[in-house]
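Each residue of the sequence shown is one higher than the one before, counting from 15 in our numbering.
Glycine included, C-beta positions come from ideal geometry on N, C-alpha and C.
Read through the structure below, which is laid out as C-alpha cells, and then see the notes.
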Amino acid sequence: MIELALIRPPVVHLKADFYGSIPGIPSGMAYLAAAVRDAGFPVRIIDAYGLNPHRFYNFRNRYRARGLTPAETARLTPSDAVAGVSVHCAGEHSMACAIIRELKASAPRRPVIVGGYHATFVPGDFIAAGADYVIMGEGERRLPALLSRIERGEGIDGLEGLAFKGGIVDRRTKYTVDLDSMPFAAVDLLPLENYWKLGYGHGPVMRNVRYMNILTSRGCPYKCSFCQAPEMSGGHWLSKSAGRVLEEIRWHIETYGIRDFHIQDENFAVSRRRVEDICNGLIDGDYDITFCFPSGLKMETLDGELLRLLARAGMRYFSLSPESGSRRVLELMNKTADIDRVPGLVSIASSLRVSTCCFFVAGTPGETDADRRDTRRYIRKLARCGVEEVVMPIMTPFPATQAMSEPGLQGFGEMDELCFSPVWRPDYAGLDLFRRVTYLHFYMARLFSHPLSFLVMLCRMITGKCRTKGEMTARRMVRDTQDRLAALGHPGEE
C-alpha cells in the first residue's frame, strides 16, 4: 500500500507587507488527510510551518518565510511516498514550486501531486515546476481515486478534475460531497501543541485554552467580484447536519480537551434552521464551550433573535464584511450587502458582550475620494455602536475572479505579490495612507465613545487575555520581532 505525505508549505509574505499573515491550524488539509486515510491509504502530514513556527528566513530576497525550508521539507518526505503539496493562497505560489523542485531532485521517480484553492486556478505553473498531477476542486474523492491508479500502475482515463503533463481533464464536471459521510479531520497528524503554544491563530486565541479549527459547511452562493469562492464551489453551499456538527464538537472535547472552536466556514448561517438546531443542541447538551467566526457571518442572515441564541450557545466573536460604506462601490463589487443592518447588529452584539470585527476593502477600481469619505464616516459610526476592530485590506485580484481582469488591477510581476498589501499598485502609497488614517479615525472614535472599553483593550493586549484579532496581533508582533532578531544572519533559501 502506497503512503501519502501531505505537505503544508511554510508561511510566506512580502517583506514590504507590514501586516503579513496570521497562520492557523490547517483544518482543510486535516479533513483531506482523514478522507485519504478512510479510503485505506496510510497518510502523514508534514506541516512545514507548524513544525517550526518561530523560525524566520529570507526567501527569494523580497519575501520572508517562517517554518522549514523547501530542502528541509523534502528531506522529511519519505522517498517511497507519494508527495501531496497543498497550495491554499497566492502567497505560497513560489514556495510550493520550490518544494516541488526539491521533492523531485531528492527522489526523481516520486509522484508529486498538488492541490488546494490556489492550485485549482493556476495548475500549469505547478506542472511546469515538476508536479505530475494537480487536483482541481474538491479532493476528498479525487485524491484517493488518483492514488488507487498510481498504486496499480494504471493510467488516469476516466478521472476528471486533473491537470497533468499531457494536459487538463476539465474540472467543470462538478460533484458534491456528502459532508456528513466524511470522517472528522485527522488533527492527530498535526503538531497541535505547537499551535496551542503560539497564542494566536486565524481567530482570536484565548489564553491557556485549547482551540480547534473546524468546518461545518463549504462554499458560498454569492458572487462577489473579488472572491474565488463562486468558481471554487460553483455556487454550491454544502453543509453538515446539525447533529453531525454537534457530534464532531463533542469528539474534539472528549479527545483533545478542546474548549474553544474557530468555525472557518465561508458562509455558516445560510440555513437559519441549521444554526438554531446547532445552538439549541449546544445549550441543551450543556457543552460549555465558546466559539468564534473569524471568516465571518453574512449580515443578511442575522438578526437580534439569532445573535442572542448564538451568544447563549457560546459565541464570543464574529466578523462582518460591509466592505465599503459606499453603496456605489458595493455595486462595483457585485456585493449584496445591506450595510444599514450592521450598526444595529454590532450594538446588539456589544450588549451581549460578543466581540465584533468589520472588514472593509480599499481601492476597488472606480472608487473615488467621496466613496472613501463615506467609508470612513461609516466606520466612525460603527465605532460608536461598539465594533471592537476594523480590518482593511487593499483590493488585490486573485485568479478566477472578475477582479483579475480589471485594467486598474494590473502591474503585479508574479503570483506571490497577490496579497492584501499589494505594494505593486501604482496607487498603493495613497491607499495605504488612507488605510492608516482610517484606522486612526476608528480608534479615536472608539476612545471618545467607549473610553473604558478602549482602556480595557489595552490591558488585554498586555495580559494576553485577547478578545479580538487586533489585540492578538499586537502581541504577536512583539514575539515575531524577537524571532526575526534571532534569525539575523541566517540567509535562508534564495
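beta-carbon residue i near the ligand GTP non-hydrogen atom, thresh 7 Å
i: residue 370; result: Looking for the ligand GTP in the displayed structure turns up nothing, as the structure carries no ligands at all.
Own chain partners of residue i with C-beta closer than 6 Å, once the 5 adjacent residues on each side are dropped
i: residue 194; result: 254, 255 and 258
i: residue 126; result: 97, 114, 117, 145 and 146
i: residue 484; result: 403
i: residue 306; result: 217, 276, 330 and 331
i: residue 431; result: 438
i: residue 39; result: 209 and 227
For residue i, the three-state DSSP class (helix, strand or coil)
i: residue 455; result: helix
i: residue 462; result: helix
i: residue 76; result: coil
i: residue 227; result: strand
i: residue 145; result: coil
i: residue 218; result: coil
i: residue 131; result: helix
i: residue 371; result: strand
i: residue 437; result: coil
i: residue 232; result: strand
i: residue 508; result: Below a pLDDT of 50, predicted positions are generally treated as unreliable, and residue 508, at 43, falls in that range; the measurement from the model is reported next regardless. Residue 508 falls in the coil class under three-state DSSP.
i: residue 444; result: helix
i: residue 27; result: strand
i: residue 541; result: Residue 541 lies beyond the residue range present for the chain, which begins at 15 and ends at 508; the question has no answer from this structure.
i: residue 333; result: strand
i: residue 114; result: helix
Own chain, CB closer than 8 Å to residue i, minus 5 neighbours either side, in chain order
i: residue 495; result: none
i: residue 499; result: none
i: residue 169; result: 163
i: residue 159; result: 173
Cβ-Cβ distance between residue i and residue j below 8 Å
i: residue 114; j: residue 143; result: yes
i: residue 349; j: residue 238; result: yes
i: residue 21; j: residue 100; result: yes
i: residue 91; j: residue 19; result: yes
i: residue 31; j: residue 433; result: yes
i: residue 389; j: residue 435; result: no
i: residue 45; j: residue 226; result: no
i: residue 276; j: residue 213; result: no
i: residue 336; j: residue 374; result: yes
i: residue 378; j: residue 409; result: yes
i: residue 128; j: residue 429; result: no
i: residue 324; j: residue 359; result: no
Environment of residue i [buried if 16+ CB atoms lie within 10 Å]
i: residue 508; result: Interpretation of residue 508 is limited by its pLDDT of 43, a score under 50 that renders its predicted location unreliable; the figure taken from the coordinates is listed afterwards. Burial call: exposed.
i: residue 139; result: buried
i: residue 345; result: exposed
i: residue 393; result: buried
i: residue 141; result: buried
i: residue 61; result: buried
i: residue 123; result: exposed
i: residue 419; result: exposed
i: residue 338; result: buried
i: residue 190; result: exposed
i: residue 297; result: exposed
i: residue 89; result: exposed
i: residue 242; result: buried
i: residue 465; result: exposed
i: residue 112; result: buried
i: residue 312; result: buried
i: residue 471; result: buried
Same chain, Cβ closer than 7 Å to residue i, five either side skipped, listed in chain order
i: residue 251; result: 231, 233, 234, 235, 281 and 284
i: residue 309; result: 278, 279 and 280
i: residue 106; result: 23, 26 and 132
i: residue 198; result: 48, 262 and 265
i: residue 37; result: 25 and 63
i: residue 452; result: 390, 393 and 406
i: residue 486; result: 214, 218, 219 and 480
i: residue 488; result: 475
i: residue 288; result: 253 and 256
Whole beta strand (DSSP E) runs in the region 51-99 with 3 or more residues, listed along the chain?
List check, beta strand (DSSP E) in window: 57-61, 70-73 and 77-80.
Residue ranges of each beta strand (DSSP E) run of no fewer than 3 residues wholly in the region 265-311, ordered along the chain?
Here the runs fully enclosed are 274-277 and 304-307.
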